[in-house]
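Report on the structure given below.
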Amino acid sequence: MKSNLLIINQNKYAMQALLMKLYAKYGYRQVSIPACESLASISELEKRYPSHTQVKFMDQSGEIFYLQNDPTVSVMKMLRLSSASNIEQKICYYAPTYKWGHRQLTEETQIGVETFGKDTLLHDLEIIVLAVKSLRLFTDKVMLDIGDVNFLETLLESMPFDSEQKQTLIKALPSKNMMTLKELTLFQNTTDETWNLLKSLFKLFGPTEIVLENAKQLIEQITFEDQSLKSKLNTLLDQITARSILLKSYELLEYTQLDFTLKPELKYYNGLVLKGFIKNCPSEVLNGGRYDQLSTEFGKANCAAGFALTLDLLMNYTEVKKMTRKNSLLLLETELTAKGIQYAEYYRQKGFEVNLRTYETEKEAIDLATKEHFEKVIVFGEVSAKVIDIRKDNVQKMPYATFDQYLTVADTNKSIH
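When you read off a place in the sequence shown, starting at 1, and then add 56, the result is the number in the working numbering.
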C-alpha cells in the first residue's frame, strides 16, 4: 500500500488539475473549503436535517467542532459573509470530506462546482453540461441521470395516496420495482386504476424523448381534484423539454437520460437532481442539482445549482489519461553549469515549465522524460545542444547559435503566455 501512495496522490492531483482547467473555461473560480467548522456556526437547515454520519470533536477549551462533510453548505456560508453585491457567482472547490460509518472514520475527496444567479434555465443547463464533461475527461462510458424533485413531488401530490403511502413509494422508486409494493398491507386496498398510475410512474426513466412522452401520458391518466396541479406539471414538463432541446446543441444528449423517479438524499434539493455513473462502478460518482431553498436559508434568494464528484471512486474505476505536458522542457547537463541555469531561467520567464537536471546516461534521461510526459528534452553539450521532441519522436543536434534561433522561432509562440 505504501509503495502506491505517491502514485495515487499524483493521479489524484492530475485529475484535479484537469477538472479545474475545465471549470475555469466556464468562468468558475476555485475557493478553499475549511476542513472543520465550529458547531456554533451550524445553519438552521442543518439543525432541521442533522447528519447521522457527521464527525464531531471537542477542542481543549470545550468548544465543539465538526469535520467537513458537505462543502456546499460551507460555500453558502462564505456567500452569506461575503461583502460582494454581485449575485452572479461561479465557484469550484477541491475538499476532503469525512463521515462516520460502520464504526470507522472514512475520508473522501470531493471536487465540485456551484453556480448562483437569476437565470434558472442557463444555470441548470450549464451544470448538466459540466457534469457530463467532467466524467468524460476520464471515460466515455458515462451516464448522467436527470430528475426533477418538483415534478416528482407534484405527481405524488396529484395521486390518491396518503402521506405514509407516499413515503413508502419514495423509498421504493430507486429499485424501479413496483411489485414490492403489492406485497405490503399498506397498498392492499389500492384500485386497479391507481395501480395503472403507479405502473406508469415506475416507467419514467430512460431515453429523454421516450420519458417525456410517457410523462405527458401519465398526466392525462391522472384524475385531478386540483386543476392547478395539472397546470404545474405541464409547466414543469415544458421547462424540462426546453432544456433537453438546448442540451442537443452540446451534442451530449446520448450521455444523459431522464429519471423522474430520482429523489435526492440531501433534503435541501429542489427542482433539478443529478446522479452520474461510470461503467463498472456499482454506485454513483456524481451527485448534484438545484438547492434554491438552501440559498434562501443563507440570505441569497436566487437560483443555486451544483454538483460534487467523489474523486476516490472516479480514480478506482477509471484511468488518468496520459497527456503530454504542453510547453514543458527537460534540460539536461552532465554537471550543473551557469549556462544551464541561465537557459532554465530564461525559458521559465517565457512561460515554459522547465525542469533542469543532471544525467548519467542519455537513455535514462529520455526514459524519465517519457515517463513524466515532457514535451521536449534538451541535452546541453560543450559546443552544441540536442533537442529531442518526445511527442514527435524527432531528434535535432545544432550549435548554440542555431539552437537559440530554433527555440525562439519554434517554441516561443507556443508559450502559455
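Yeah, the Cβ is synthetic: ideal placement off N, Cα and C, and Gly gets one too.
Measuring only from the beta carbon, is T279 closer than 6 Å to any heavy atom that is part of the ligand ATP? Ligands are entirely absent from the displayed structure, and the ligand ATP is therefore not among its contents.
Using a Cβ-Cβ cut-off of 7 Å (strictly less than) and excluding sequence neighbours within five positions of K335, which residues of its own chain qualify? T195 and K197
Kindly indicate which three-state DSSP category R404 falls into: helix, strand or coil? helix
Mind listing, in chain order, the continuous alpha helix (DSSP H) runs of no fewer than 4 residues lying wholly within the stretch 253-303? When DSSP assignments are scanned along the stretch 253-303, the uninterrupted stretches of alpha helix (DSSP H) that are 4 or more residues long and fall wholly within it turn out to be 264-277 and 283-303.
Which residue comes first and which comes last in the beta strand (DSSP E) that contains N206? Per DSSP, N206 belongs to no beta strand (DSSP E); it is in the alpha helix (DSSP H), V205 to S214.
If you reduce the DSSP assignment to three classes, tell me which class N411 lands in. strand
Do the stretch 157-175 and the stretch 280-289 meet, that is, are 3 or more Cβ pairs less than 8 Å apart? no
Taking C-alpha atoms, which residue in E416, N65, A400 and T236 lies nearest to E409? Among E416, N65, A400 and T236, the Cα nearest to that of E409 is on A400.
With distances taken Cα to Cα, identify the nearest neighbour of E144 among T246, E119, E170 and A271. E170
Helix, strand or coil: which one does DSSP assign to N67? helix
Three or more C-beta pairs under 8 Å: does that hold for the stretch 238-251 against the stretch 291-300? no
Rounded to whole angstroms, what is the Cα-Cα separation between L178 and V341? Approximately 24 Å, taken between the alpha carbons.
Quick one: what's Q166 bridged to in DSSP? A151 and T366
Taking the alpha-carbon positions, what's the F459 to C337 distance? If you take the alpha carbons of F459 and C337, they lie about 50 Å apart.
Let's see if you can read the secondary structure: which residues bound the alpha helix (DSSP H) around K323? Where K323 is concerned, there is no enclosing alpha helix (DSSP H), given that its DSSP letter is neither H nor E.
Taking only the alpha-carbon atoms, compute the straight-line gap between T247 and H158 and give it to the nearest angstrom. 42 Å
Do L31 and N411 have their CB atoms nearer than 7 Å? The chain is shown only over 57 to 473; residue 31 falls outside these bounds and no answer can be derived.
Once DSSP output is grouped into helix, strand and coil, what is the label at N450? strand
Where F459 falls: helix, strand or coil (DSSP): helix
Candidates L318, N372, L186 and I275: closest to E307 by CA position: L186
Report the rounded CA-to-CA distance for G83 versus I444, giving the unit in angstroms. Cα to Cα, the separation comes out at about 36 Å.
Just how far apart, CA to CA, sit V465 and M371? Below a pLDDT of 50, predicted positions are generally treated as unreliable, and V465, at 44, falls in that range; no measurement from the model is reported.
Can you give me the Cβ contacts of Y462 inside the same chain, cut-off strictly under 8 Å, excluding the 5 residues immediately before and after it? V443, Q452 and M454
Confirm, please, whether the CB-CB distance from I120 to L95 is below 7 Å. yes
Given P127 as reference, the closest of G118, K155 and F207 once Cα atoms are compared: K155
Since D204 contacts G327 with CB under 8 Å, what's their CB separation in whole angstroms? 6 Å
Other residues of its chain near C92: CB distance less than 6 Å, five sequence neighbours each side excluded: F121 and L123
What separation, rounded to the nearest whole angstrom, lies between the Cα atoms of L62 and K68? 10 Å
Measure the C-alpha to C-alpha separation of E213 and Q273 and round it to an integer number of angstroms. 17 Å
Restricting to Cα atoms, I'd like to know which of T374, N358, G345 and S351 is closest to A364. G345
Quick one: what's got a C-beta closer than 7 Å to L181's C-beta in the same chain, skipping five residues either side? Counting only residues of its own chain and dropping the five nearest sequence neighbours on each side, L181 has a CB closer than 7 Å to the CB of R299, L302 and L303.
Residues bridged to K442 (per DSSP): V435 and K453
Ends of the beta strand (DSSP E) at T312? T312 to D315
Per-residue burial, Y402 [other beta carbons within 10 Å of its own, 16 or more giving buried]: exposed
How big is the Cα-Cα spacing for M215 and T153? 39 Å
Alpha carbon to alpha carbon, what distance is there between L367 and F436? Going from the Cα of F436 to the Cα of L367 covers about 41 Å.
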